[in-house]
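Single-structure report; data block below.
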Amino acid sequence: MNITHRIIENGVVVIDIEDDRFEYPKTQVLKNHVVHLLKEGHKHLVLNLSNVEMLDSFGIAVFISTLKMARSEHGNLTLFGLNEKVNKLIELTRMDRVLDIWETEGQAVAHVTG
0 MNITHRIIEN GVVVIDIEDD RFEYPKTQVL KNHVVHLLKE GHKHLVLNLS NVEMLDSFGI
60 AVFISTLKMA RSEHGNLTLF GLNEKVNKLI ELTRMDRVLD IWETEGQAVA HVTG
């Protein structure tokens, strides 16, 4: 799984998932990446899902655990770029009530720092 990150304004880290399928065991790569970023002191995370075409329940679980880890460090996690299929799955599982989801990177960055 290919994951990159960019540090932008106000210390926000944008994490880009570059694979089209975000499923187990690839989900653990993101979790490990986030743990590393949090240990480095980055706590405002924005997750770019614009390339993700398929998501499974492990992916949703990693989003929730990542959110909890960020909040435990007084940070936050925001998602953006969800396609219709991924967005519907998140709505069906009612995780849209827990996760901050935005259409664009700019909206997500503004929210995570606000």
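Position 13 (the sequence shown) corresponds to 12 in numbering that gives the first Met the number 0; numbering is contiguous. Glycine residues also receive a C-beta, built at the ideal position from the N, C-alpha and C atoms.
Whole-angstrom distance between residue j and residue i, CA atom to CA atom
i	j	result
Glu83	Gln106	18 Å
Ala109	Glu90	23 Å
Val85	His41	26 Å
Arg93	Ala69	20 Å
Leu66	Leu29	12 Å
Assigned exposure category for residue i - 16 Cβ within 10 Å defines buried
i	result
Asn1	exposed
Lys87	exposed
Val34	exposed
His32	buried
Thr103	exposed
Gly10	exposed
His73	exposed
Residue i in three-state terms, based on DSSP
i	result
Asn47	strand
Thr112	helix
His4	strand
Val11	coil
Neighbour flag for residue i against chain B, beta carbons, 9 Å
i	result
Asn75	No chain B appears in this structure, which consists of one protein chain only.
Residue i beta carbon near the ligand SAM (any heavy atom closer than 8 Å)
i	result
Gly80	Absence of the ligand SAM is noted for the structure shown, with no ligands found whatsoever.
Ranges of the beta strand (DSSP E) found wholly within the segment 49-100, counting only runs of at least 3: Taking only runs of at least 3 residues, the beta strand (DSSP E) segments lying wholly in the segment 49-100 are 75-79.
Cβ pair count under 8 Å reaching 3, the segment 77-94 against the segment 39-51: Enough Cβ pairs lie closer than 8 Å, so yes.
Validate contact between the segment 53-68 and the segment 11-24 using beta carbons, cut 8 Å, 3 pairs: Yes: the two stretches touch, three or more of their Cβ pairs being nearer than 8 Å.
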